[in-house]
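Everything below concerns the one structure shown next.
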């Protein structure tokens with residue numbers, strides 16, 4: 162994934178501490194910390210924009226040991242589709258990443274789409290999601306760390322909208338920093 166410095170004056174970012182300051186990242190300013198709205202599992206940090214339906218989830222998982230580093234992001238991308246009862250799942254691009262705040266860790270990404278139902282009870286219309294996923298394998302603490310950004314692809318979704326998604330995801334990744342792994346020792 163090209164990590165060049167994209168330019169966009171339309172998106173503003175805010176820096177947030179994650180998991181009590183263990184990690185930090187810059188997120189688009191319109192995203193709200195969902196733990197202030199509803200219960201969020203302890204292994205997740207969940208931010209969403211109610212107006213657009215876009216969301217960013219940071220997730221700590223036990224490391225999947227039977228999956229090779231080079232295949233792990235595809236495993237998680239497909240697992241997310243399965244968990245969301247996606248009717249379709251397609252990866253358009255995937256590869257390795259070199260993230261400034263994650264030196265020494267295997268990092269990779271996948272970008273694609275999931276076709277899901279808009280409602281959790283599967284009684285609503287279909288919704289196409291653009292899914293951007295990054296995986297950081299934290300082998301020292303046997304954990305897989307995911308950064309997932311999902312954006313609804315609704316009618317009128319333009320090439321410019323797609324470029325802004327790319328810009329937002331790249332900004333999140335470039336700003337992501339592992340500050341400490343002490344939380345894993347508790």
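Residue numbers (my numbering): 162 to 347. Every residue, glycine too, gets a C-beta built ideally from N, C-alpha and C. For clarity, every value in this text was computed on a predicted model and none was experimentally measured.
Between the alpha carbons of residue 177 and residue 283 lies a gap of roughly 33 Å. If you compare the alpha carbons of 244, 225, 287, 304 with that of residue 315, the shortest gap goes to 287.
Your pair residue 186 and residue 336 checks out as a contact, with CB atoms roughly 5 Å apart and the cut at 8 Å. If you keep only unbroken beta strand (DSSP E) runs of at least 3 residues inside the region 244-269, you get 249-257. When secondary structure is reduced to three states using DSSP, residue 200 falls in the coil class, being assigned neither helix nor strand. For residue 298, the pairing in a beta bridge is given by DSSP as 267, 305. Contact annotation: residue 332 and residue 296 have beta-carbon atoms that are not nearer than 8 Å. Straight-line spacing of the CA atoms in residue 318 and residue 207 works out to 24 Å. Pairing residue 235 with residue 209 gives a Cβ-Cβ distance that is not under 8 Å. When the Cα atoms are used, residue 344 and residue 204 turn out to be separated by approximately 12 Å. Here residue 253 is not near residue 277, since their CB atoms are 8 Å or more apart. The straight-line gap separating the alpha-carbon atoms of residue 213 and residue 191 is approximately 9 Å. Distance from the CA atom of residue 231 to the CA atom of residue 260, rounded to whole angstroms, is 16 Å. Residue pairing from DSSP places residue 289 in a beta bridge opposite 276. Residue 273 sits away from residue 279, with the two beta carbons spaced by 8 Å or more. In the structure shown, residue 210 falls within a coil segment according to DSSP collapsed to helix, strand and coil. DSSP places residue 283 in the coil class of the three-state scheme, outside both helix and strand. Here DSSP, grouped into helix, strand and coil, assigns residue 239 to helix. According to the DSSP assignment, residue 218 belongs to the beta strand (DSSP E) that extends over 216-223.
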